[in-house]
Amino acid sequence: MHISGTFKAPKEVNIDAQKANIESQEANIESRKANIEKRFTSKTADHVLKLLTTLSSQTVFGRSDVQRVLGLKPTRSSALIREMVKQGIIEPVPGYGKGKYHFL
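Dropping the structure here:
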């Protein structure tokens, strides 16, 4: 028994149609950097910038990721996350469980 149309080859995806604009993303990071340095103390700003460069490629991250990247204790990592949420740098992500965030 043959069902018409179910065994057709799938269409090829045109991956080259849209190229990433890396230059505009770099400029955006520089403007974010200036904004972060105004909002936080110098040490906290350094931590936030390091997290931004290290974890921005991940979709979501949690306190354990902050601890791993910065080498901080759990209490200080939680305080840093709270401050970043308060300042509007990151926001909680629904659907991934409690304590998961992403950069805005």
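Letter by letter, the sequence shown follows residues -7 to 96 in this note's numbering. Beta carbons: idealized from backbone N, C-alpha and C, even for Gly.
Which of the three DSSP states is assigned to residue i in this structure?
| i | result |
| --- | --- |
| residue 81 | coil |
| residue 58 | helix |
| residue 72 | helix |
| residue 86 | coil |
| residue 65 | coil |
Between which two residues does the beta strand (DSSP E) containing residue i stretch?
| i | result |
| --- | --- |
| residue 93 | 93 to 95 |
Among the candidates the options, whose CA atom is the shortest distance from the CA of residue i?
| i | options | result |
| --- | --- | --- |
| residue 59 | 48, 43 and 52 | 43 |
| residue 74 | 51, 40, 88 and 49 | 40 |
| residue 95 | 33, 55, 50 and 36 | 50 |
| residue 55 | 33, 45, 28 and 71 | 71 |
| residue 84 | 53, 37, 69 and 46 | 53 |
| residue 31 | 87, 76 and 90 | 76 |
| residue 91 | 48, 37, 79 and 57 | 57 |
From which residue to which residue does the alpha helix (DSSP H) around residue i run?
| i | result |
| --- | --- |
| residue 44 | 34 to 47 |
| residue 52 | First-last for residue 52: undefined, no H or E at that position. |
Measure the CB-CB distance between residue i and residue j and report whether it falls below 7 angstroms.
| i | j | result |
| --- | --- | --- |
| residue 93 | residue 81 | no |
| residue 61 | residue 45 | no |
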